[in-house]
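One gets the numbering used here by counting positions in the sequence shown from 1 and adding 1002 to each. Glycine included, every Cβ here is placed at the ideal spot set by N, Cα and C.
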Amino acid sequence: MKKIVPWILPAVFAVWVLSTLHHPPETGFHTRDFGRLPVLLGGRVQPLDSVARNTLLQIRERQSVGNLSATAWLMETMMKPEAADKLNVFRIDNFELLNMLQLPETQKYYSFSQIQPHLDDLTREAQRANNVEDANRTAFQRQLLKLDNALEIYQRLQLSLCPPGTTDFAGQLAAYEQAIPAGVAAAQAQEAKKTYDQAALNRLLDFLSSYNDLSKYAYPLMVPPATGAKSRADWQNIGQNLMSVVHGNDLSPAVTDYAAMATAYNQNQPAAFNQALDDYRHWLGQWFVPEIRQGVQEFFFNQFEPFYKAMVIYVTAFLLAVIALLTFALAPKLSETLRRSAFWLVVLGGVIHTFGLVFRMWLEGRPPVTNLYSSAIFIGWGCVILGIILERVFAVGLGSAVASFAGFVTLVIAHNLSMDGDTMEMLRAVLDTNFWLATHVVVVTLGYASTFMAGLLGVTYVLLGLFTPLLKYKSGNLELGKVLAKMAYGIVCFAALFSFTGTVLGGIWADQSWGRFWGWDPKENGALLIVLWNAAILHARWGGMIRERGLMNMVIFGNIVTSWSWFGVNMLGIGLHSYGFMAAAFWWLLAFVLSQVALILLGMLPAGMWKSFRTPSGPASA
């Protein structure tokens, strides 16, 4: 029975994860099937579900609207914009902006209908804010520009399928096709200065006027290339295809089927909507199997949400590991049961984390790290793997605690980074190489992960030493404090190797791309600082200049060095690796640095002030 108890909680979470794979058949509108439909946006084929989720993250910071899923909200926005306008989707937190828009401060989310009367004022102020450099913008200006961008995306979505106010798009298309011959003939006669049918010309121009807005402002490209197109990437938006019909091109079956869906949705006819959806999927299946497969696979990835599930499991594992550590001396049997349960939870979370990482690589056709978002995912994964290894070597709960904490925190960072939009965006030309992404980027990111892992062990050492007597408790033949020191030392060795190798590989890549091995770019300088700091830690340890506490203080400072190299240099606004200044990220980074400085100062307090080093006869040294 004692052997079974640690498996109970991991088994419960495993059942929860597997249960989310089953979805009951849909009644009414087949929203999930609609969400699987492929479109082209941001240079890549993706399902409409991804368009909806990424858009909602940008304008609402959530992936649902009340009881509506992301795809259901997208359908409402595209096919019933007048109803979508009443949904509270826009998040506004700035009181100055709320006052300008004359909105109540009691809400967190606001509808387009509430904002619309003040759109002109908002646009005017946004133009002014755009002329201010990122680093100098006020909180009001940043929130204003964010809202302005959200409104632009929202309005473009409304112009992506059918003209606003259209309740029978299918009927309108039929009338448009009937109006084309007479309208074109009238236009040609007018150009030849002959007698022409003014009514026929006006009727055609009315159609073209509404479709012109769709062609200019539609957000995703929803019409696949013609079957004889030279490139499978030659997608169109619906407006472009409609406008091209006047010039003798064929109306795409995609437009006809989407129009039938829009009409059925407006008229609340689920059966007709589902039939049009099935017709379109059948047509796609004849010519666009890879695109359908991409949409289905990415939809599954979105629905499964592996990183969210891993986050939940990591939090539970961290709590169990902490309780196991705190009961290490008071209740050894309970502590051991909790430790083992926490370990297997970390393993389960790591398996799901790994699945998400590998599945994402498969979807992108890329190595694991391509941008800041994916680097956070990968760094967390690396920390979890290192923590699992440490826990197997030193079975005291420390590896599980640090691994689960690192996994959770990095996934939270990744979630916040996803607020900027599509995290699988196409790469810039200089980065478009799988070889260097798989070598330099992966190796140097493992260096980040290892350095952070060592730093987390240092933080654990300081907190346990200051506030608990645990550092002096025995684990086998070693004290817990010495176990932590051995863990940190071993990981710093790996960190030094990975960071040095990754930096050299980066220089070779730079030489091939930019014609120089080293250019003192801020990112290059940051990578060099990590190498030098890890080398300094090893040198100080080997030379006997530091002992346990000195080692731990130095690895905590490594967190500062690594956070700056990984994240900070990207916000300088200069250099070949700059992603632009991000005010919110800057303040979080500053808070993190200050927290690490505070921990180092605590770590430098006299040993007599550490609870772990107090003895009945007096303070011990460390």
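Quick check: the Cα distance between residue 1561 and residue 1541, rounded to an integer number of angstroms? 18 Å
Contacting residues, own chain, Cβ-Cβ under 6 Å from residue 1412 (five flanking each side not counted): Here residue 1412 has 1378, 1381 and 1382 as same chain residues with Cβ atoms under 6 Å from its own Cβ, once five neighbours each way along the sequence are excluded.
According to DSSP, is residue 1066 part of a helix, a strand, or is it coil? strand
Candidates 1286, 1389 and 1281: closest to residue 1227 by CA position: 1286
For residue 1313, collect the residues of the same chain with a Cβ closer than 6 Å to its Cβ; drop the 5 residues on either side in sequence, then sort them by chain order. 1410 and 1413
What's the call for residue 1014, buried or exposed, on a 16-neighbour Cβ count within 10 Å? exposed
Taking all protein chains shown into account, decide if residue 1526 is buried (16 or more other Cβ within 10 angstroms of its Cβ) or exposed. buried
Compare the Cα-Cα distances from residue 1060 to each of 1353, 1295, 1155 and 1116 and report the closest residue. 1155
Among 1530, 1363, 1489 and 1353, which residue has its Cα nearest to the Cα of residue 1446? 1530
Within 7 Å (strictly less), CB to CB, does residue 1611 reach chain C? Among the protein chains of the structure shown there is no chain C, as only one such chain exists.
Once DSSP output is grouped into helix, strand and coil, what is the label at residue 1254? coil
Have a look at residue 1501 and residue 1352 and give me their C-alpha separation to the nearest angstrom. 23 Å
For the beta strand (DSSP E) that contains residue 1042, what are its first and last residues? It spans 1040-1043 - the beta strand (DSSP E) in which residue 1042 sits, taken as one unbroken run.
By the three-class DSSP mapping on this structure, what secondary structure does residue 1133 have? coil
Go to residue 1162, then tell me how far its beta strand (DSSP E) extends in each direction, as first and last residue. Where residue 1162 is concerned, there is no enclosing beta strand (DSSP E), given that its DSSP letter is neither H nor E.
With 16 other Cβ atoms within 10 Å as the buried cut-off, status of residue 1432: Note that residue 1432 has pLDDT 44, beneath the 50 cutoff, so the model's placement of it is unreliable and the number below is only indicative. The residue in question, residue 1432, is exposed, as its Cβ has fewer than 16 Cβ neighbours within 10 Å.
What did DSSP end up calling residue 1335 once you bin it into helix, strand or coil? Residue 1335 carries a helical assignment under DSSP once its states are collapsed to helix, strand and coil.
So, residue 1532 versus residue 1567, is the Cβ gap smaller than 7 Å? Cβ atoms of residue 1532 and residue 1567: closer than 7 Å.
From the DSSP output, in three-state form, read off residue 1233 for me. coil
Mind checking residue 1469: buried by the 16 CB within 10 Å criterion, or exposed? By the neighbour-count criterion, in which 16 or more other beta carbons inside 10 Å mark a residue as buried, residue 1469 falls on the exposed side.
Please state if the CB of residue 1041 and the CB of residue 1222 are separated by a distance shorter than 7 Å. yes
Buried versus exposed, by CB contacts within 10 Å (16 or more), residue 1493: Buried, since its Cβ has 16 or more Cβ neighbours within 10 Å.
Answer yes or no: do residue 1115 and residue 1088 have a C-beta to C-beta separation smaller than 7 Å? yes
Residue 1512 to residue 1497, Cα distance in whole Å? Answer to the nearest angstrom: the Cα atoms are 22 Å apart.
Assuming residue 1504 and residue 1449 form a contact by the criterion Cβ under 8 Å, report the distance between their Cβ atoms to the nearest whole angstrom. Contact between residue 1504 and residue 1449 holds: their C-beta atoms lie close to 5 Å from each other, under 8 Å.
Taking only three categories from DSSP, how would you classify residue 1595? helix
CA-to-CA distance, residue 1550 to residue 1430, given in whole angstroms: Caution is warranted here: a pLDDT of 48 is assigned to residue 1430, below 50, making its placement in the model unreliable, and the coordinate value is therefore given only provisionally. Spanning the alpha carbons of residue 1430 and residue 1550 requires a straight line of approximately 45 Å.
Enclosing beta strand (DSSP E) for residue 1113 [first to last residue]: 1111-1113
Does residue 1481 come out as helix, strand or coil in the three-state DSSP assignment? strand
C-alpha gap between residue 1453 and residue 1499, whole angstroms: 11 Å
May I ask whether a heavy atom of the ligand HEM can be found less than 6 Å away from the beta carbon of residue 1164? Among the components of this structure there are no ligands whatsoever, and the ligand HEM is therefore not found.
Alpha-carbon spacing of residue 1309 relative to residue 1495, whole angstroms: 29 Å
Delimiting residues of the beta strand (DSSP E) encompassing residue 1226: Segment: none, residue 1226 is in no beta strand (DSSP E) and carries neither H nor E.
Kindly list the residues whose CB is nearer than 8 Å to the CB of residue 1186, restricted to its own chain and excluding five residues on each side of it in sequence; keep chain order. The residues are 1206 and 1248.
Assuming residue 1054 and residue 1096 are in contact, meaning their beta carbons sit under 8 Å apart, how far apart are those beta carbons, in whole angstroms? Wrong, their Cβ atoms sit about 26 Å apart, outside the cutoff.
Can you find the residues in the same chain that come closer than 6 Å, C-beta to C-beta, to residue 1427, ignoring five residues on each side of it along the sequence? 1044
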